Amino acid sequence: MGGVSGRANPSPVLLLLLVLTFPALAAVGRPEDRLADPVLESRAETIGRELRCMVCQNQSIEDSDADLARDLRRLVRERVAAGDSDAAVVDFIHDRYGDYVLLKPPFNAVTALLWAMPIIALGGGLIAIFARRRRSAAEPAPLTEAERRRLAELERDGAA
Amino acid sequence: MSETGKSRRWMLYAPLGLAAAAGAGFWVMLRGLQTGSYNPTGVPSALIGRTAPDFSLPPLDGADRPGLSAADLRGPLPGPVLVNFWASWCVPCVAEHPQLMRLSRDGVPVLGINYKDKTADALAFIRRRGDPFTRLGVDEPGRVAIDWGVYGVPESYLIDRQGIIRWRYAGPILAETLENELRPLLRRYA
């Protein structure tokens with residue numbers, strides 16, 4: 001080829017630069033919002049990943065670009081920088097937004113059924129299997145007098 | 161025949177009953193969607209049954225209304241009040257506004273919190289559409305909204321005479337919501 005444009009293939013340097021730009025897109029949030037201390041920042045990110053963005057509802061606040069998620073990211077970093085423990089930061093948000101903000105639901109009266117569901121499903125399945133087995137293994141009821149007579153009649157007719 | 165036959169016949173009707181129950185449930189859901197009593201993306205508020213969080217917000221410059229703070233929401237109050245988070249840039253707030261005006265005409269105190277807005281825009285909004293608010297606080301950074309667990313405007317909270325938050329509605333209070341939900345609650349907590 002090469003005849004149409006006369007241009008050579010893109011240089012390897014250009015390709016490399018293009019590839020290097022992709023990771024930048026993966027990080028949501030402005031760099032100035034991040035904490036300078038990498039240890040605190042990574043703690044804040046871990047906490048943020050456990051918190052639901054209430055606007056988009058299926059993303060964590062670390063993954064969402066919604067305004068409220070940005071505010072909550074800042075708030076988490078503020079609390080972390082102020083010296084709060086991870087649990088205290090989560091409690092702070094949980095106190096305001098309720099269970100729904102936690103991507104991993106807590107175990108309580110309302111969520112008990114949710115957590116117990118795998119065990120219930122498994123147990124139910126096992127019970128169903130055993131019930132079927134027992135039923136098929138059980139002896140059929142003996143024939144009544146009338147049935148025996150009818151059977152004898154049929155056998156006799158068949159033989160004739 | 162008798163014992164097993166009966167249980168077998170029952171199993172024949174079970175799927176029919178199940179489908180009927182599912183259909184009835186679905187119908188209730190759809191009806192709730194229409195009347196506004198069911199919101200599939202709605203989230204229960206953590207504040208129900210509690211008093212309002214501590215806060216103090218400055219008034220909106222030029223609105224001629226006092227600001228709003230938690231002290232205004234502590235019981236005993238003369239009657240239930242509605243706290244409404246709104247913004248001029250929020251389109252559903254436009255749809256909700258006539259209902260707020262109606263409530264204020266009926267003598268229900270509507271306490272406004274202007275969320276992440278520009279002063280001039282907020283002023284233009286209430287000058288053009290009417291001002292239903294007896295008090296109006298400005299939450300430009302949106303921090304007080306987070307303390308309330310607000311996740312989008314408009315959002316409204318009903319507070320009873322003792323200062324307890326009884327109801328939260330995320331989304332615009334439309335005419336149906338007002339009649340079917342808010343009015344009965346206002347009567348109950350009057």
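Quick mapping for you: the protein sequence lines, in order, are chains F and H. Quick note on the working numbering: the first sequence kicks off at 1 and runs consecutively. Quick note on the working numbering: the second sequence kicks off at 161 and runs consecutively. Note that the Cβ used here is the ideal one computed from N, Cα and C, for glycine as well. Since the model is a prediction, treat every value here as computed from it, not as a measurement.
The beta strand (DSSP E) enclosing Phe293 of chain H, as first and last residue numbers: Looking at the DSSP string, the run of the beta strand (DSSP E) that includes Phe293 of chain H is 293 to 299.
If Ile286 of chain H sits next to Ala223 of chain H, beta carbons under 8 Å apart, how far is it from one beta carbon to the other, in whole angstroms? Ile286 of chain H to Ala223 of chain H, Cβ: 7 Å. Contact.
Is any beta-carbon of chain H found at less than 9 Å from that of Val89 of chain F? Contact of Val89 of chain F with chain H is not assigned, every C-beta pair being separated by 9 Å or more.
DSSP beta-bridge partners of Arg52 of chain F: Its beta-bridge partners are F:Ser60.
Excluding the 5 residues flanking Tyr198 of chain H on each side, which residues of the same chain have their C-beta closer than 7 Å to its C-beta? Result list for Tyr198 of chain H: Met189, Gly192, in chain order.
Could you list which residues in chain H have their beta carbon closer than 7 Å to that of Val55 of chain F, in chain order? Going along chain H in sequence order, the residues near Val55 of chain F (Cβ under 7 Å) are Tyr311, Gly312.
Quick one: list the residues of chain F neighbouring Ala206 of chain H, beta-carbon separation under 9 Å, in chain order. Below the 9 Å Cβ cutoff, chain F contributes His94, Asp95, Arg96, Tyr97, Gly98, Asp99, Tyr100, Val101 as neighbours of Ala206 of chain H, in chain order.
Based on DSSP bridge pairs, tell me the residues matched to Gly123 of chain H. Residue 123 of chain H is absent from the model: chain H starts at 161 and stops at 350.
Evaluate Ala330 of chain H with the Cβ neighbour count: other Cβ atoms within 10 Å of its Cβ, from every protein chain shown; 16 or more gives buried, anything less gives exposed. Around the beta carbon of Ala330 of chain H, 16 or more other beta carbons sit within 10 angstroms, so the residue counts as buried.
Compare the Cα-Cα distances from Asp266 of chain H to each of H:Phe293, H:Phe215, H:Arg169 and report the closest residue. The option with the nearest alpha carbon to Asp266 of chain H is H:Phe293.
For my contact list, Gly297 of chain H and Pro219 of chain H are in at a C-beta cut-off of 8 Å; report their separation, rounded to the angstrom. With a beta-carbon spacing of about 7 Å, Gly297 of chain H and Pro219 of chain H fall inside the 8 Å limit used to define contacts.
What residue range does the alpha helix (DSSP H) around Arg74 of chain F cover? Run containing Arg74 of chain F: 67 to 81, per the alpha helix (DSSP H) assignment.
Whose Cβ in chain F lies nearer than 7 Å to the Cβ of Val304 of chain H? By Cβ distance, chain F contributes nothing, its closest Cβ being about 11 Å from Val304 of chain H, past 7 Å.
According to DSSP, which residues form a beta bridge with Pro219 of chain H? Paired residue(s): H:Gly297.
On the DSSP bridge assignment, give the partners of Thr211 of chain H in chain order. BP columns for Thr211 of chain H point to H:Ile324.
Please determine if the region 229 to 239 of chain H and the region 205 to 217 of chain H are in contact, where contact requires at least 3 C-beta pairs separated by less than 8 Å. These segments touch.
How should Glu339 of chain H be labelled, buried or exposed, when 16 other C-beta atoms within 10 angstroms of its C-beta is the threshold for buried? With fewer than 16 Cβ atoms within 10 Å of its Cβ, Glu339 of chain H is classed as exposed.
Determine, using beta-carbon pairs with one atom in the region 317 to 330 of chain H and one in the region 82 to 93 of chain F, whether at least three such pairs fall under 8 Å. Touching, no.
Please report the straight-line C-alpha distance between Lys278 of chain H and Leu178 of chain H, rounded to a whole angstrom. Lys278 of chain H and Leu178 of chain H have their C-alpha atoms spaced approximately 54 Å apart.
Between the region 67 to 79 of chain F and chain H, which residues of the former have CB atoms less than 9 Å from a CB of the latter, in chain order? So the close ones are Asp67, Leu68, Asp71, Leu72, Leu75.
Answer with buried or exposed for Asp37 of chain F, where buried requires no fewer than 16 other C-beta atoms within 10 angstroms of its C-beta. Looking at its Cβ environment, which holds fewer than 16 other Cβ atoms inside 10 Å, Asp37 of chain F is exposed.
Cutting at 6 Å between CB atoms, please list the residues of its own chain near Ser216 of chain H, excluding the five before and the five after it. The beta carbon of Ser216 of chain H is closer than 6 Å to those of Ser229 in its chain, skipping five residues each way along the sequence.
Going by DSSP in three states, Glu155 of chain F sits in which element: helix, strand or coil? Helix, per DSSP.
Quick one: Cα of Gly2 of chain F to Cα of Ser42 of chain F, how far? Its pLDDT being 41, under 50, Gly2 of chain F is placed unreliably in this model, and the coordinates cannot settle the point.
Glu139 of chain F - containing beta strand (DSSP E), residue span: Membership of Glu139 of chain F in any beta strand (DSSP E) is not indicated, and neither H nor E is assigned to it by DSSP.
Less than 9 Å separating the beta-carbons of Leu190 of chain F and Leu68 of chain F? This structure leaves residue 190 of chain F out entirely; chain F is present only between 1 and 160.
Does the region 55 to 65 of chain F touch the region 249 to 264 of chain H, meaning 3 or more C-beta pairs lie closer than 8 Å? Below 8 Å, too few C-beta pairs join the region 249 to 264 of chain H and the region 55 to 65 of chain F to call them touching: fewer than three.
Check for me: the beta strand (DSSP E) holding Leu345 of chain H runs from which residue to which? Under the DSSP assignment, Leu345 of chain H falls outside any beta strand (DSSP E), being part of the alpha helix (DSSP H) whose first and last residues are 343 to 348.
Three-state secondary structure (DSSP) of Val19 of chain F: The answer is helix: DSSP assigns Val19 of chain F an H, G or I state.
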